[in-house]
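Working notes, structure below.
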Amino acid sequence: MGAGGGTKANLGIQLYTLRELMKDNFAKTLEAVSNIGYRGVEFAGYGNYRAHELKKLMDDFGLEAVSSHIPLIALEQELDAVIAFAKEVGISYLVCPFLPEDKRKSLSDYERLARSLSIIGNACESNGITFCYHNHAFEFELQTDKDQYALDALFDWTKGHHVQAELDLYWIEYAGESAVAYLQKYAGRVPLVHLKDMENGEGRGFRELGQGIFDLSQMVETAKESGSKWLFVEQDECLGDPLESVLSSFAYMQTIL
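One point on numbering: in the UniProt record's numbering, the residue at position 23 of the sequence shown is 23, and numbering is uninterrupted.
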């Protein structure tokens with residue numbers, strides 16, 4: 001725990017970072033993640049494994065199946081099956097990870113989304129699963145007549161116990177806002193956090209943790225103070241070997257956790 005106190009936060013990995021390796025050998029990649037030292041994962045697909053097979057893999061490698069990103073269309077159309085699979089694997093969180101462009105053209109779209117997420121979140125809660133919404137930067141492109149970003153409106157239009165936040169700190173900063181301020185704003189409602197770093201340049205590309213411009217120590221300390229339970233390393237694009245990338249980020253995190 002850092003000098004500032006706060007709750008203990010666990011370190012996991014969003015497996016989207018390793019998606020190409022996962023396609024080639026799902027099990028071997030999970031084993032590599034475990035060998036690096038990660039103890040929790042967030043899924044971005046299940047590699048055609050059945051739930052009991054996936055649970056055995058996780059048990060074999062000493063990994064916790066913390067969370068899973070599920071496309072909105074599956075959450076809306078196949079929710080019972082999605083929840084049943086998650087419960088069998090032992091997944092604690094389900095996350096809406098992204099909005100298709102045709103679902104975010106207007107504030108009315110976000111109002112409809114809020115109603116849909118509330119239904120999904122209620123069903124998850126009834127089954128002992130916490131439901132979260134994961135942001136990008138596009139939620140900061142629209143504002144209400146009260147100068148409220150669509151992201152904030154979405155959280156206002158939903159109840160915290162139905163729809164919690166998985167804040168992606170990179171995309172908040174990319175949108176020109178403060179990740180620390182957003183962690184503080186949604187303290188108690190942000191159990192999951194995505195960590196990545198940003199290059200120092202106009203491209204604002206992705207970088208391994210500790211190799212960019214973010215004050216990650218402050219972000220991590222604020223996340224812990226805000227009650228975040230899991231911090232997930234994620235890098236949407238890696239310049240080199242993705243496994244080397246997540247190893248580098250893991251090593252850096254040991255210096256600030």
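All C-beta atoms, glycine included, are put in the ideal place defined by N, C-alpha and C. None of these values were measured; they are calculated from a predicted model.
Measure the alpha-carbon distance for residue i versus residue j and round it to whole angstroms.
{"i": "residue 97", "j": "residue 16", "result": "11 angstroms"}
{"i": "residue 47", "j": "residue 146", "result": "44 angstroms"}
{"i": "residue 168", "j": "residue 195", "result": "7 angstroms"}
{"i": "residue 275", "j": "residue 149", "result": "Nothing about residue 275 can be reported from this structure: the residues present for the chain run from 1 to 257 only."}
{"i": "residue 234", "j": "residue 121", "result": "24 angstroms"}
{"i": "residue 202", "j": "residue 212", "result": "13 angstroms"}
{"i": "residue 238", "j": "residue 244", "result": "9 angstroms"}
{"i": "residue 13", "j": "residue 232", "result": "5 angstroms"}
{"i": "residue 173", "j": "residue 141", "result": "13 angstroms"}
{"i": "residue 62", "j": "residue 24", "result": "21 angstroms"}
{"i": "residue 5", "j": "residue 221", "result": "Any answer about residue 5 is weak, because its pLDDT of 49 lies below 50 and its placement is not dependable; what the coordinates show is given next. The straight-line gap from Cα to Cα measures roughly 8 angstroms."}
{"i": "residue 205", "j": "residue 153", "result": "28 angstroms"}
{"i": "residue 118", "j": "residue 210", "result": "36 angstroms"}
{"i": "residue 250", "j": "residue 44", "result": "19 angstroms"}
{"i": "residue 34", "j": "residue 175", "result": "33 angstroms"}
{"i": "residue 42", "j": "residue 111", "result": "27 angstroms"}
Which word fits residue i, buried or exposed, when buried means at least 16 other C-beta atoms lie within 10 angstroms of its C-beta?
{"i": "residue 181", "result": "exposed"}
{"i": "residue 197", "result": "buried"}
{"i": "residue 115", "result": "exposed"}
{"i": "residue 29", "result": "buried"}
{"i": "residue 191", "result": "buried"}
{"i": "residue 258", "result": "In the structure as shown, the chain begins at 1 and stops at 257. Residue 258 is therefore absent and cannot be evaluated."}
{"i": "residue 1", "result": "Any reading at residue 1 must be qualified, since the residue scores a pLDDT of 34, below 50, and its modelled position is unreliable; the value itself is stated next. That one is exposed."}
{"i": "residue 248", "result": "buried"}
{"i": "residue 40", "result": "buried"}
{"i": "residue 139", "result": "buried"}
Find out if the Cβ-Cβ distance for the pair residue i, residue j is shorter than 8 angstroms.
{"i": "residue 193", "j": "residue 223", "result": "yes"}
{"i": "residue 131", "j": "residue 72", "result": "no"}
{"i": "residue 161", "j": "residue 125", "result": "yes"}
{"i": "residue 135", "j": "residue 171", "result": "yes"}
{"i": "residue 9", "j": "residue 230", "result": "yes"}
{"i": "residue 65", "j": "residue 89", "result": "yes"}
{"i": "residue 113", "j": "residue 105", "result": "no"}
{"i": "residue 38", "j": "residue 21", "result": "no"}
{"i": "residue 217", "j": "residue 184", "result": "no"}
{"i": "residue 127", "j": "residue 159", "result": "no"}
{"i": "residue 92", "j": "residue 129", "result": "yes"}
In this structure, how does DSSP classify residue i when only helix, strand and coil are distinguished?
{"i": "residue 11", "result": "strand"}
{"i": "residue 239", "result": "coil"}
{"i": "residue 257", "result": "coil"}
Any heavy atom of the ligand GDP closer than 7 angstroms to the beta-carbon of residue i?
{"i": "residue 199", "result": "Of the ligands one can find in the structure shown there are none, so the ligand GDP has no counterpart to examine."}
| query | At what residue ranges does the segment 85 to 151 contain a whole run of the beta strand (DSSP E), taking only runs of 3 or more? | reply | 93 to 96 and 130 to 134
| request: With a floor of 4 residues, list each alpha helix (DSSP H) that falls wholly inside the segment 149 to 223, ordered by position along the chain. | output: 150 to 156, 169 to 174 and 179 to 185
| message | To test your reading of the DSSP string, which unbroken beta strand (DSSP E) runs of 3 or more residues are found completely within the segment 20 to 89? | response | Qualifying beta strand (DSSP E) stretches, in chain order: 40 to 43 and 64 to 69.
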